[in-house]
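Visitor:
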């Protein structure tokens, strides 16, 4: 319950930060200045309801944790809290949407600008691995029926979904990039560390058959528009 409350608060704050239209009125049409009274009233009531709900939720959370009322018989261990909280974060939409941005912020070279595709695979892999470990513990306790149901719902179905969607999309993009080998440090130094597409420094790059180097993300963008080199205009020919 507490995790759901935290997720709601984070979701509402995220909505406020990303909100662009702060107008409380609704026009009759997109290009009209005439206000729709009924829709405007509905929007005002809705926005105020969401704001009041958020304030009440925060207030009660502070009261519960500050005064410790109702928590006398609930004392979870740190291990239990870490396991359940991380699992919840990896499955809750509002936190899942933040994860790619975290990976992009740290700029890991390994991902080659594929953070958006790596993120769901990493999150789902973690939840599947964690579920498998916990289900294995149930097996050793002899709870066979519960073990089979839990394994099917939390391991098999989630693994199947990941393989058919997230992992499939990642492999598809990786297969496109893997046609182009990684540039060595010496090759990047000789190229003056600059990508010919975005003119930004390169620490890791892909080499085309015509020996030109680009960032992986720049090369992907070029390949989405054309199968020819953006510098020499030659069609890519791969020797198998």
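In UniProt numbering, the protein residues as written are 1 to 240. C-beta atoms are modelled at their ideal positions from N, C-alpha and C, and glycine is treated no differently.
Got a sec? Which residues, its chain only, sit under 6 Å from residue 204 by beta carbon, not counting five neighbours each side?
Guide: 109
Visitor: Going by CA-CA distance only, name the one from 212, 105, 96 and 219 that's closest to residue 232.
Guide: Nearest in C-alpha terms to residue 232, of all of 212, 105, 96 and 219, is 212.
Visitor: Comparing alpha-carbon positions, which option in 177, 179 and 194 lies nearest residue 185?
Guide: 194
Visitor: What ranges does the alpha helix (DSSP H) occupy inside the region 165-190, keeping only unbroken runs of at least 4 residues that lie completely in it?
Guide: Complete alpha helix (DSSP H) runs here, min 4: 167-177 and 185-190.
Visitor: Among the residues of its own chain, which have a CB less than 7 Å from the CB of residue 117, if the five just before and after it don't count?
Guide: 169, 170 and 173
Visitor: Classify residue 202 as helix, strand or coil using the three-state DSSP reduction.
Guide: coil
Visitor: Note down, in chain order, each residue of its chain lying with its Cβ closer than 6 Å to the Cβ of residue 145, except the 5 sequence neighbours on either side.
Guide: none
Visitor: Could you give the DSSP three-state label for residue 228: helix, strand or coil?
Guide: Strand, per DSSP.
Visitor: Near residue 155, which residues of its chain fall below 7 Å by C-beta distance, leaving aside the five closest residues on each side in sequence?
Guide: 128, 131, 132 and 135
Visitor: Please name the residue, chosen from 196, 177, 190 and 189, that lies closest to residue 224 on a Cα-to-Cα basis.
Guide: 177
Visitor: Assuming contact is defined by CB atoms lying nearer than 8 Å, are residue 198 and residue 229 in contact in what I supplied?
Guide: no
Visitor: Just tell me which of 47, 38 and 39 has its CA closest to the CA of residue 19.
Guide: 47
Visitor: Pop quiz: residue 220 and residue 180 are said to be a contact at Cβ under 8 Å. What is the actual Cβ separation, rounded to whole angstroms?
Guide: Incorrect: roughly 10 Å between the Cβ atoms, too far for contact.
Visitor: Could you tell me which of 122, 166, 9 and 140 sits nearest to residue 54, measuring between CA atoms?
Guide: 9
Visitor: Considering only residues of the same chain and omitting the five flanking positions on each side of residue 50, which have a CB-CB separation below 8 Å?
Guide: So the qualifying residues of the chain are 12.
Visitor: State the Cα-Cα distance for the pair residue 162 and residue 151, rounded to the nearest angstrom.
Guide: 15 Å
Visitor: Just to check, is the beta-carbon of residue 172 closer than 7 Å to a non-hydrogen atom of the ligand ATP?
Guide: Annotation note on the ligand ATP: not contained in the displayed structure, which lists no ligands.
Visitor: Measuring straight from C-alpha to C-alpha, what distance separates residue 85 and residue 57?
Guide: 19 Å
Visitor: Quick one: using the 10 Å Cβ neighbour count with 16 as the cut-off for buried, is residue 200 buried or exposed?
Guide: exposed
Visitor: Measuring only the C-alpha atoms, how far is residue 191 from residue 208?
Guide: 13 Å
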